[in-house]
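There are 6 protein chains.
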Amino acid sequence: MVRYEPANSFETPRFSGVRTFMRLPSTQDLQNAEAAIVGAPFDTGASFRAGARFGPEGIRSVSHLLRPYNPSQDVSIFEHLSVIDYGDVPVVPGFIEESYEKISSGLEEVHRAGVVPIVLGGDHSIALPELRAAAAVHGPLALVQFDSHADTWDAYFGKKYNHGTVFRRAVEEGLLDPSRSIQVGMRGSLYDAGDLGASRELGFELLTTDEVREIGVRETVERVRGRVGDAKAYVSFDVDFLDPAFAPGTGTPEVGGFTGREAQEFVRGLAGVDLVGCDVVEVYPQYDGPGQVTSLLAANVAYEMLTLISLRKKGSDG
Amino acid sequence: MVRYEPANSFETPRFSGVRTFMRLPSTQDLQNAEAAIVGAPFDTGASFRAGARFGPEGIRSVSHLLRPYNPSQDVSIFEHLSVIDYGDVPVVPGFIEESYEKISSGLEEVHRAGVVPIVLGGDHSIALPELRAAAAVHGPLALVQFDSHADTWDAYFGKKYNHGTVFRRAVEEGLLDPSRSIQVGMRGSLYDAGDLGASRELGFELLTTDEVREIGVRETVERVRGRVGDAKAYVSFDVDFLDPAFAPGTGTPEVGGFTGREAQEFVRGLAGVDLVGCDVVEVYPQYDGPGQVTSLLAANVAYEMLTLISLRKKGSDG
Amino acid sequence: MVRYEPANSFETPRFSGVRTFMRLPSTQDLQNAEAAIVGAPFDTGASFRAGARFGPEGIRSVSHLLRPYNPSQDVSIFEHLSVIDYGDVPVVPGFIEESYEKISSGLEEVHRAGVVPIVLGGDHSIALPELRAAAAVHGPLALVQFDSHADTWDAYFGKKYNHGTVFRRAVEEGLLDPSRSIQVGMRGSLYDAGDLGASRELGFELLTTDEVREIGVRETVERVRGRVGDAKAYVSFDVDFLDPAFAPGTGTPEVGGFTGREAQEFVRGLAGVDLVGCDVVEVYPQYDGPGQVTSLLAANVAYEMLTLISLRKKGSDG
Amino acid sequence: MVRYEPANSFETPRFSGVRTFMRLPSTQDLQNAEAAIVGAPFDTGASFRAGARFGPEGIRSVSHLLRPYNPSQDVSIFEHLSVIDYGDVPVVPGFIEESYEKISSGLEEVHRAGVVPIVLGGDHSIALPELRAAAAVHGPLALVQFDSHADTWDAYFGKKYNHGTVFRRAVEEGLLDPSRSIQVGMRGSLYDAGDLGASRELGFELLTTDEVREIGVRETVERVRGRVGDAKAYVSFDVDFLDPAFAPGTGTPEVGGFTGREAQEFVRGLAGVDLVGCDVVEVYPQYDGPGQVTSLLAANVAYEMLTLISLRKKGSDG
Amino acid sequence: MVRYEPANSFETPRFSGVRTFMRLPSTQDLQNAEAAIVGAPFDTGASFRAGARFGPEGIRSVSHLLRPYNPSQDVSIFEHLSVIDYGDVPVVPGFIEESYEKISSGLEEVHRAGVVPIVLGGDHSIALPELRAAAAVHGPLALVQFDSHADTWDAYFGKKYNHGTVFRRAVEEGLLDPSRSIQVGMRGSLYDAGDLGASRELGFELLTTDEVREIGVRETVERVRGRVGDAKAYVSFDVDFLDPAFAPGTGTPEVGGFTGREAQEFVRGLAGVDLVGCDVVEVYPQYDGPGQVTSLLAANVAYEMLTLISLRKKGSDG
Amino acid sequence: MVRYEPANSFETPRFSGVRTFMRLPSTQDLQNAEAAIVGAPFDTGASFRAGARFGPEGIRSVSHLLRPYNPSQDVSIFEHLSVIDYGDVPVVPGFIEESYEKISSGLEEVHRAGVVPIVLGGDHSIALPELRAAAAVHGPLALVQFDSHADTWDAYFGKKYNHGTVFRRAVEEGLLDPSRSIQVGMRGSLYDAGDLGASRELGFELLTTDEVREIGVRETVERVRGRVGDAKAYVSFDVDFLDPAFAPGTGTPEVGGFTGREAQEFVRGLAGVDLVGCDVVEVYPQYDGPGQVTSLLAANVAYEMLTLISLRKKGSDG
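Residue numbers (my numbering), protein chains in the order written: chain D, 1 to 318; chain Y, 1 to 318; chain Z, 1 to 318; chain V, 1 to 318; chain S, 1 to 318; chain W, 1 to 318.
Here it is, written out as structure tokens:
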């Protein structure tokens, strides 16, 4: 079996070559992969700013900074895991339902091959076809969502599908097991006093930023791990979970969020969870400054997700 | 009758106040208006870059630089014309057909009141509902289109409605009189040798940038005037008609275009035409630099259009 | 009585319409308002960077992201409060004293109508005419100032009026009750060892950033509340109170400041205070990145101020 | 006598060293200089955008690209001319009349030493103290003004001194000989039909951009040379003379202007004129993109002015 | 034989997928290719600005806008030509001579396979290893250089290899036939009166921008064609040939240059020339604005070069 | 003896004058100086982004915001210390070893005059010639390095000298006393599990960011002070020690870093240490946003270093 890994940065500089994630091979050879970076450049579901279609490009660009050994988790990712950059799933800009079908069938193929996708968004509306694909193969999933918004509104402008309604739809379609699912980080102004209650009515556990600040990051991580247990899990990471100082390049930023280090701690805290898929979404490169801090942060979140998958492989290898 | 005009810039500075076009009153009082600036912040129809939803904001912001007397046409616009900033017509982001209905019915109300709309886009897909509204009141129209693309492709991704197909649809729906219509400025790479022929098959006259460069700007203006004659006309101005140096903030820029001064000459050349409506589209502020040259250029195009309407009023007043 | 509130974002998208604060009505109908957003686009008093004249535009632009329910304070702002966007008070760029007169008389009208102004600056020199207007109606006020600079220098270049001398002038003119006033957050390099002592000599309590870090945010909030008591209060919030990572778009940034969340906590901590007016100043959009984090932060501060006013109304309604 | 010239770029790279104009010595030794670069970082007179106070810094920064031999004029500038970077004259931000006094007395010292100043603005309001200083030494001057605005309005907001009124004031004060003076390039919207007539009433010749386009650049240059003749001349170059594509970083840009090459041709065409002083004004670096094209253009204009002075020296040396 | 061509933009949107040039396959299969895009991300040879190492990424990113049919030359490029994106040749940042060896040997392989490389720079110092590779296979070449600088200085800081000396070295090494070579577009300030004479002494024909303006673009094209004749030719296109308004994102911009349309005309004018290799260099994305006009222009130049190769294939096919 | 100090900001505004650090005199008069700001605009050693050659310009530009009294350390810096802006040491862009010689000999002159240099980088590769110069005068030094990378790799692309290998080289050359040296803040992905062990094998103490977070900032400061003791010390501060939100404008940013305030605390904690030289490196202005937060932070770090030197002088004066 071929093992796919990044190009060697002691031989060619990191700024060189076609921009794939971490300089991984650009291939659709699912047979020889265990995890796959998959772009979903869709942004028709966004309610305020536009441009998440360029999110995968932005993340891939700056991901060339990443190196293969993760010291905080003590693992050389690619020693245990063969990873490819699968390219992007097809989308139809301007047409949500058609895009959902294409994204979903594209990702289902990945899951069926036994490969764990790390999806680069795109606006958060892509989480629905992601979950359709994952649940088709794995059954209802435990959701771990890091986000400043619950995204469980019912509709915008009378429309059911967009980046603010996606997790309500997922529950309605039976893709999630709400009793094993948790939403973390909600904050910012709302339309109505009942907005967050909606999530709880759907069966989710929900921890607002105010609540996380009360109990602390470590305790929150414990809550997440306890909630998920040994269920098959899907992690969805919206970069507006972070404070706008750390992730300005996003679609609906909310003041008062988390730091980059806290984001790392939350994802690292999921070590051991049975991750069948994940995403990092809502990166809008045109709103990022020249320092590309949002794309860099998203690349690091994807990197920590890859680490989780590698760690679990390492454990089962051992 | 109330006459609406901009705030006086010798009393309050131009950088002050809520951003309406040229500091005009923000009102929907169509009874006392003769022309209206109307935003159409829709960008779901865009095929490459995203963000034209912020076009109306960008144009309004920098339009505060404009003053009421146009020396090149020798007219004090608001002495002859009452103008309002009508605000934006409603749109449903992510849903083209619903947005078309809302844009069309919003604009039809303007036309029915005898008010000439100057529409600020938005991506070029809004031209279809614009023309539906105008034709519903005025019948089939002569189109004058300044653009680097003919926008007469049949479909993208199997979809009929987007910013590249809009004028084919308009002909199919009988909104235009192709024999009085002309498209000016096409250039740049195409999908197929037959792409521009499609426009001619629909009955349009079409002058590519190469052809305009051969015959010159003045002769082109004569061709346009001759083609339109005394028909009721609709002018659609896509800022990618300009060279990217003059209008970088657009969705599908094409190298080798026109200068800002040439853009002014083309619009000024339409003096006397029976203009029932017009637009300036495809402004993407996030792709404009800090100097806002694209928005400024679009504001000037809208200003020259207002001038045309005022000139005609002045003529009929006299 | 008319109740003014923002446009409904389930009907028209938040990115649409002329940019007023939170999509509030643009009107000067003080009779039917209880609070008013008022721009003061003045920047002639700035000593380093320039451009705060565009602060009100920047804040209004991104304020469209804000929604009407504040979950951290559990209040639907507009259920208890009628709010308008009053536009900008007139200024005379380049002339401080004339501008002071215009700003002051403009705001006094607002106060006399019993409406609480939330002023969007502008450089901090506008605090003097703000306080003249407020004190003319309400008498000497308790000042709560969040800022990295005390702004109590005596003069720059032999000149008495600018953004670094404004609170010394206010005390000299009897507009403040220093014994109920407090300045919070001073830090950064100074001209002289005695610079901060000047504030204390004027009678203010002053807590430097170093001191706040020692006692903590909660204790600081208690100190502020204790100092102000039940006096009529004016809150002045300079965005350079924040660290440059959180508010880069300001005139004289100082390293080592507060986070966005801390800013929210400080303002929220003023619940119950008898607020007769307030401002958020020193936003320079040209120095903000494309993510507009400074404007967003200022919009959120203004939003928390509106919340305070609504909460107090709700209390008195109840 | 010491001859001042730029650092040698074959010895140290052009990107190194403290940013003086062209890497000239930073000194106030007027005795050994024949021409001097002088910054006037004043922007209190600006009516729309702000920030020209950083114009001198921006121009100096990118002027390091310039090399000592001008092939279009065939002269090695510093073989014939000793040039210094004199630094900036003092200003009092926020106070026009005080600043005028300081700028004027600062520059008069330069003129009295027989040194030709090339002033880097600053907004155009600085032209008045420049002319006061020059006329005090040389008597009434022939003005050659390249600009999109005539700057002969009478007042803004009832105020006599700002960047839109400066040449009217100069005539009123007897600093200019209007019969030898010419304004070139006026265009863009105006407040009133009579705005440009005002210049002609003051005695200036005025050629609008429309007129220059009719007669051509070469003929225009001849007109300028004919008008000035052998009078002592002052050249004032406002970068908004250029089209916004070539100079976006300015305060009141006007669409439809000149190219960079045309700007060079206009200044080069003044070879032989008896230049006693000159300026390049209205550079606003915050509105320039990262490519710094406006500052680069202004640096080149200053360079062509230096060339003129050197050429004349060369002629008289020869 | 496989024919490589871009992904179909009617099936997947142009903004999707890993960024290769024009969405061509990323492969090193030289056997089935006739032309190859090759990045050379080297910038150690730059004398002023830095960052051309990101040039290939910038050009590839925006090249997704390009479509396969070139109407100005009436050719569907990929009907006649199989093209790949070969990726980047290896470089050693910080070490010029080692990089030269790697670039040269990487490109020689391409030439030996009978594939025409279109090299994306990188600073202009890469032209030397490009020419070494080409001449090793094809013998001494006719050079057509579009550039504002002749790049025939002897040394900087005592060093022989950098982006200002490269064509002198190429002549010294016998890689070029100067009698068939021509340099076009030189302008801007120089170190010494003899700088351009150096090129002529080396045997090159050289046309400055001033000279091109005198004789016109069409006559210049004829001169180039006449000079090259039927020799094997190498075209090197430095984007600083363009005016900074059209190409701000470059290392040593020179005011007064050519427009984007003129750049197209120059390259199109080479139809029929026996092109064995070519490059487009000196793109610095960090100095380009958000509209990416420099990268877009460079992508269009590369596209016109591909067109030339396809046209010649089409001719020989036919 | 002359005492050099900044220009008085109550007489001329801080935004005026040629950009030297803090408006200090630009002079090379080492006889009358005790500390000197020295730029080292070298970036040939950078492995990912490029452009640190403009770091000294960026830092000097925004350093004009700094005032002479440091309240956190209670010292008026220039009452005890005469400081100059020495300009930049010569470099040879593109040639590391030649540059090392020039930087080293340039700085050795400073040390020999008994002046403490505060070096503004430049990429981190300049630390080697800095240490060569310092050790030549002072013998082996205690290194205090704040950085996210240890920079003790052996080679990149087979090359020994670049910004990732510099401290290994310094130990090999005997310039440091590892037993008194400490590296603080390492974090981020690595190439190999042994990367950080390499530092410890060289004899350095190394505290990762994870470790600092465990023990806290104050305890870390104590560890540093304990390690250095009374040895002659060199402090090297790489701005990527900070989180990218606080310092986006750097070459190899690492998520999860320190805040600006923490950076201040670390440097302030070195009060009393026998500092013989120091630097702040890896500022890339083109990657900083318009708010210049990275340059501002670096200027503040240099300011705190100046404070340390002044404090020690004040102590010995007293």
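Beta carbons: idealized from backbone N, C-alpha and C, even for Gly.
Within the stretch 170-200 of chain Y, the beta strand (DSSP E) runs of at least 3 residues that lie entirely inside it are, in chain order, 182-186.
Straight-line spacing of the CA atoms in Z:VAL235 and W:GLU265 works out to 30 Å.
For Z:GLU11, the residues of chain D that pass the 8 Å Cβ criterion are PHE157, in the order they occur in the chain. Within chain Z, SER47, PHE48 have C-beta atoms less than 8 Å from the C-beta of W:ARG14, given in sequence order.
For the stretch 72-94 of chain V, the set of residues with a beta-carbon nearer than 8 Å to any beta-carbon of chain S comprises SER72, ASP74, SER76, in chain order. Here the C-alpha atom of Z:SER199 lies approximately 36 Å from the C-alpha atom of Y:VAL18. Considering only beta carbons, the part of the stretch 231-264 of chain Z lying closer than 7 Å to chain W consists of ASP243, PRO244, ALA245, PRO248, GLY249, THR252, PRO253, VAL255, GLY256, in chain order. For S:LEU311, the three-state secondary structure derived from DSSP is helix.
In this model, Z:GLY249 and Z:ASP243 are separated by some 11 Å (Cα to Cα). For Y:PHE95, the beta-bridge partners assigned by DSSP are D:PHE95. Shortest Cα-Cα distance from S:VAL62 to any of Y:VAL255, Y:GLU211, Y:ALA271 involves Y:VAL255. Residue D:PRO68 holds the alpha-carbon nearest to the alpha-carbon of D:SER9 among D:ARG60, D:PRO68, D:SER47, D:PRO56. Beta bridge pairing from DSSP links W:ARG19 with V:ARG19. In its chain, beyond the 5 residues on either side, ILE37, CYS278, ALA302, MET305 have a beta carbon closer than 6 Å to the beta carbon of Z:ILE118.
From the beta-carbon of D:GLY289, no residue of chain Y is found nearer than 8 Å; the closest lies around 12 Å away. For Z:GLN264, the enclosing alpha helix (DSSP H) starts and ends at 260-268. In this structure, W:VAL283 and W:ALA52 form a Cβ contact; the two beta carbons are roughly 6 Å apart against a cut-off of 8 Å.
Listed in chain order, the non-local C-beta contacts of Y:GLY94 below 6 Å within the same chain comprise THR44, local neighbours out to five positions each way being set aside. Within chain W, the residues GLY94 have their CB atoms less than 7 Å from the CB of S:ILE96, given in chain order. Taking CB atoms only, V:ASP29 has no neighbour in chain Z less than 7 Å away. Across the structure, W:GLY203 and W:ARG180 are spaced so that their CA atoms are roughly 9 Å apart. The beta-bridge partner set that DSSP reports for Y:ASN70 consists of Y:VAL75. For D:THR294, the secondary structure class from DSSP, reduced to helix, strand or coil, is helix.
For the pair Z:ALA271 and Z:LEU311, the CB atoms are nearer than the 7 Å cut-off. Only residues of its own chain outside the window of five on either side were considered, and among them MET22, ALA299, TYR303 have a CB closer than 7 Å to the CB of Y:LEU66, listed in chain order. SER189, LEU190, TYR191, ASP192, ALA193: these are the residues of the stretch 179-194 of chain W whose beta carbon lies less than 7 Å from some beta carbon of chain D, given in chain order.
Scanning the stretch 217-262 of chain W for uninterrupted alpha helix (DSSP H) segments of 4 residues or longer gives 217-228, listed from N- to C-terminal end.
Apart from the 5 residues on each side of it in sequence, Y:GLY188 sits with its Cβ closer than 6 Å to the Cβ of SER148, GLU254 in its chain, given in chain order. Assigned with DSSP and collapsed to three states, W:TYR303 falls in helix. The count of Cβ pairs closer than 8 Å, one atom from the stretch 149-165 of chain Y and one from the stretch 79-99 of chain D, reaches three, so the stretches are in contact.
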